[in-house]
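Each residue of the sequence shown is one higher than the last, beginning at 5 in this note's numbering. Where a beta carbon is used, it is the ideal one built from N, C-alpha and C, also for glycine. Since we're looking at a predicted model, the values are computed, not measured.
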Amino acid sequence: MTTDGNGPVSRSQKRLVVVVKGYPRLSETFIAQELRGLELAGLKLIIVSLRRPTDKKRHAVHDEIEADVLYLPEYLHQEPLRVLRGLWAALRHPGFGQTLRGWLSDLRRDPTLNRVRRLGQAAVLVAEWPQDGAWLHAHFIHTPASVADYAARIMQIGWTVSAHAKDIWTSTDGELSAKLNRAKWAVTCTETGHKHLQSLAKDPSRVHLSYHGLNLDRFPVFTVPRPNRDGSDPANPVQIVSVGRAVPKKGYDTLLHALALLPAGLHWRFNHLGGGVEREMLQSLAETLGIADRIHWQGSVNQSEVLAAYRASDLFALACRITADGDRDGLPNVLVEAASQGLACISTTISGIPELFRDGQNGWLVPPDDPAALANALKTAITSPNLRSEYGQAAEAQVRATLDYHQSVKQLVGLFAAEGLRP
Numbered sequence: 005m006t007t008d009g010n011g012p013v014s015r016s017q018k019r020l021v022v023v024v025k026g027y028p029r030l031s032e033t034f035i036a037q038e039l040r041g042l043e044l045a046g047l048k049l050i051i052v053s054l055r056r057p058t059d060k061k062r063h064a065v066h067d068e069i070e071a072d073v074l075y076l077p078e079y080l081h082q083e084p085l086r087v088l089r090g091l092w093a094a095l096r097h098p099g100f101g102q103t104l105r106g107w108l109s110d111l112r113r114d115p116t117l118n119r120v121r122r123l124g125q126a127a128v129l130v131a132e133w134p135q136d137g138a139w140l141h142a143h144f145i146h147t148p149a150s151v152a153d154y155a156a157r158i159m160q161i162g163w164t165v166s167a168h169a170k171d172i173w174t175s176t177d178g179e180l181s182a183k184l185n186r187a188k189w190a191v192t193c194t195e196t197g198h199k200h201l202q203s204l205a206k207d208p209s210r211v212h213l214s215y216h217g218l219n220l221d222r223f224p225v226f227t228v229p230r231p232n233r234d235g236s237d238p239a240n241p242v243q244i245v246s247v248g249r250a251v252p253k254k255g256y257d258t259l260l261h262a263l264a265l266l267p268a269g270l271h272w273r274f275n276h277l278g279g280g281v282e283r284e285m286l287q288s289l290a291e292t293l294g295i296a297d298r299i300h301w302q303g304s305v306n307q308s309e310v311l312a313a314y315r316a317s318d319l320f321a322l323a324c325r326i327t328a329d330g331d332r333d334g335l336p337n338v339l340v341e342a343a344s345q346g347l348a349c350i351s352t353t354i355s356g357i358p359e360l361f362r363d364g365q366n367g368w369l370v371p372p373d374d375p376a377a378l379a380n381a382l383k384t385a386i387t388s389p390n391l392r393s394e395y396g397q398a399a400e401a402q403v404r405a406t407l408d409y410h411q412s413v414k415q416l417v418g419l420f421a422a423e424g425l426r427p
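See below:
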C-alpha cells in the first residue's frame with residue numbers, strides 16, 4: 005500500500021521507518037534488496053521517500069517489497085498546506101526549538117533552498133509519523149540523513165544511518181562528524197568509507213562495516229561455458245559489457261578513449277546498459293572516436309535484462325573515477341553481480357573496488373583516468389580467453405564465499421534488535 009500520509013496503513017507490528025532519497029530507483033538495487041531482506045527476516049517497514057520515482061522500469065524486488073511508501077513533498081511549494089500542517093505539528097514538540105537553532109546554524113553554513121526543504125520535509129514526517137513507527141533509519145548520510153536527523157531531534161527519538169559512497173565523499177567532514185555523533189550508530193559498505201567515518205566519530209565503535217553483498221538467489225551460478233573468443237574473428241567479436249548510469253564518476257569517456265586505442269585488427273563489441281545525463285555526449289564522443297559502429301546503447305533495463313547481458317558477454321568493464329567534487333563509487337554492485345556470473349572484470353583502483361578484486365589474480369585494475377593503461381588491460385583481456393575464465397572463476401568464488409547479502413541483513417537485524425525492534 006502507498007500513502008501520502010492521509011490514508012490508512014496496516015499496523016500489525018511496530019515498524020522500522022526508513023528514509024530514502026527516492027523510491028523505487030533502478031540504480032539503487034542494493035537498497036531495495038536490503039529492505040526486502042529485512043522484511044524476510046521478520047521486520048515490518050515503512051519507506052519514506054523524499055522524491056517520487058522517475059524510472060520507467062522496476063526491478064522484480066520492488067514488486068516483492070511489502071512496505072507502505074510515504075512520499076514527502078518533493079518541493080515545499082507544491083504542497084503548502086501539508087507543509088504548514090507539518091510545521092504546526094513540529095512546533096508542538098518540545099524538541100522543535102533546539103532543532104530550529106541547530107538548523108539555523110546549518111543554514112548559515114549552507115544557505116541553500118535544499119537546506120530549507122530538508123527542515124520542511126522533516127516537519128511533514130513528524131506530523132505524519134506512523135503510530136506504529138518504532139525506529140528511524142536513513143539510507144545515505146547526506147540529504148536523507150539530514151531529514152531524519154531534524155525529525156529525530158524534533159521528536160527527541162533516536163535514529164541510525166547507512167552511508168554509502170557519494171554521500172560520504174561529497175559531504176564536509178564537519179557535517180559528517182556532527183551526524184555520526186548524533187546518530188545511535190552508522191553502517192557503511194566499504195573498508196575505505198568505514199575508516200574515514202570512524203576517523204570522524206567520537207566513538208568509532210559505533211561505525212560498522214557492512215558490505216551490501218548480493219542476493220545470490222537472483223544471480224544463480226551460470227554453468228554454460230563461454231565461447232573461446234579472442235578478438236581475431238571479425239564474425240565473432242569479443243563481447244564487452246558495462247552497466248551503469250552515464251554520469252561522470254563512472255568514467256565512460258575514459259573507457260571510450262581506451263577502446264579507441266585498441267588495435268584496428270582486434271574485433272570487439274561494447275554494450276552499455278543504463279541511462280544517465282551524459283549518454284548523448286558519450287554517443288557523440290564515440291562518433292568522434294570512430295567506434296560508434298561497435299557500440300550498442302541499450303538504455304535503462306531491469307535486473308533480469310542485466311543478468312542476461314552478463315551471461316551473453318565475455319568481459320565487464322567499468323572505469324570508475326573520483327570527480328572534482330569528490331563524488332565516487334564505493335564497491336559498485338554491478339561489479340559484484342558480474343563477478344557472480346564468472347564474468348571477468350576490468351575496473352580501477354578507487355574506493356572499495358580493490359577490496360574485491362586483485363589485479364593479476366581475479367581481475368584487471370588500472371589507475372582511474374588513464375586510457376592507455378585501460379587499453380592495455382582491455383587488449384590483454386580480449387586476446388586471453390583462458391585468463392578471462394580463470395579470473396572470472398576466482399572472482400566468482402570470492403563473491404559467493406564473502407558477499408552473500410544474508411550476512412549483512414543478519415548484521416542489521418542484530419543492530420535493530422538492540423534498539424528494541426525485533427522480528
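Annotation: the region 322-351 contains no complete segment of the beta strand (DSSP E) (minimum length 3 residues). Per DSSP, reduced to three states, the secondary structure at Y75 is strand. Judged by DSSP secondary structure, L20 falls within the beta strand (DSSP E) whose first and last residues are R19 to G26.
Bridge pairing for S166: H143 and V191 [DSSP]. DSSP places Q302 outside any alpha helix (DSSP H); the residue lies instead in the beta strand (DSSP E), whose first and last residues are I299 to G303. The three-state reading of DSSP puts Q243 in strand, counting E and B together.
Each residue's CA atom was taken as its position, placing S214 and I326 some 22 Å apart. Fewer than three beta-carbon pairs drawn from the region 79-88 and the region 47-54 are found closer than 8 Å, and the two stretches are therefore not classed as touching. The shortest C-alpha to C-alpha distance from K60 to any of N306, I244 and V281 is the one to N306. In terms of CA proximity to A323, V245 leads the group D221, V245 and A398.
With the rule of 3 Cβ pairs closer than 8 Å, the region 129-141 counts as touching the region 19-26. For V281, there is no enclosing alpha helix (DSSP H), as DSSP marks it with neither H nor E.
With fewer than 16 other Cβ atoms from the protein chains shown falling within 10 Å of its own Cβ, A422 counts as exposed. Residue ranges of uninterrupted alpha helix (DSSP H) with 4 or more members, entirely inside the region 51-126 and ordered along the chain, are 64-68, 84-95 and 100-113. For L123 against A262, the beta-carbon gap comes to about 45 Å, at or over 8 Å, which does not count as contact.
Sequence-distant partners of K254 (beyond 5 residues in either direction) whose C-beta falls short of 6 Å from its own C-beta, in its chain, are G248. The region 288-305 makes contact with the region 261-277; the number of CB pairs closer than 8 Å reaches 3 or more. Ranked by how close their Cα comes to the Cα of E394, the residues R362, T164 and A250 have R362 in first place. If you look at H261, you'll find it isn't in any beta strand (DSSP E); it sits in the alpha helix (DSSP H) that goes Y256 to L265.
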